[in-house]
Amino acid sequence: MTRNWTIALSLSLVFVCGLAVGGFGHWLYANNTVLAKGLKPATKTPEEARRVYVEEMQTRLKLNEAQSVQLNAALDETRAKFQAMKERRRPEVKQIQQEQVEKINGFLTESQRAEYTKLREEREEKAKQKAASGGGSC
């Protein structure tokens, strides 16, 4: 009978140790992967992203001063081209957006239209604020 109790106690001890190791392993995983993802800094502004990119290029490629100037010139030129492309496409985009607004207004009630207009104005204001704070790209 004593032998049965010893076996049962040993099995119970192994089971409890397994639970403890499993719980500790889960805790390590959660703290090092899942929770760490939530602690990342907020999205970088385009200026911050560019600064980090230029610093990485200078460090990893060991750029000299002339090359750093050329890199910044290339980034400026690319930014200007993207901005020009956006400006050329702006009338087309505005037309598509206007068509969407008309379709949506077509099935809304009068009170819904008023709220929809208000909603659109709020979104446009947020977009203007984002653009004013430098919401462009490298």
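Residues 1 to 138, numbered by this note's numbering, are exactly what the sequence shown covers, in order. Idealized CB from N, CA, C, for every residue including glycine. Just so you know, these numbers come straight off a predicted model, no measurement behind them.
DSSP state of residue i mapped onto helix, strand, coil
i      : result
LEU13  : helix
LYS81  : helix
THR117 : helix
ASN64  : coil
THR45  : coil
SER133 : coil
LEU19  : helix
LEU193 : With the chain covering 1 to 138 only, the question about residue 193 has no answer from this structure.
ARG123 : helix
CYS138 : Any reading at CYS138 must be qualified, since the residue scores a pLDDT of 49, below 50, and its modelled position is unreliable; the value itself is stated next. CYS138: coil per DSSP, three-state reduction.
Residue i and residue j closer than 8 Å at C-beta
i     : j     : result
LEU71 : ARG50 : no
GLN83 : SER68 : no
Identity of the residue in the options nearest residue i by Cα
i      : options                         : result
VAL101 : TYR116, ILE7 and MET57          : TYR116
ARG120 : TYR53, GLU56 and GLN98          : GLN98
PRO46  : ARG79, ALA73, ARG113 and ARG123 : ARG79
Check: residue i C-beta below 7 Å from any heavy atom of the ligand ZN
i     : result
LEU28 : For the structure depicted, the ligand ZN is absent and the ligand set is empty, with no information on it obtainable.
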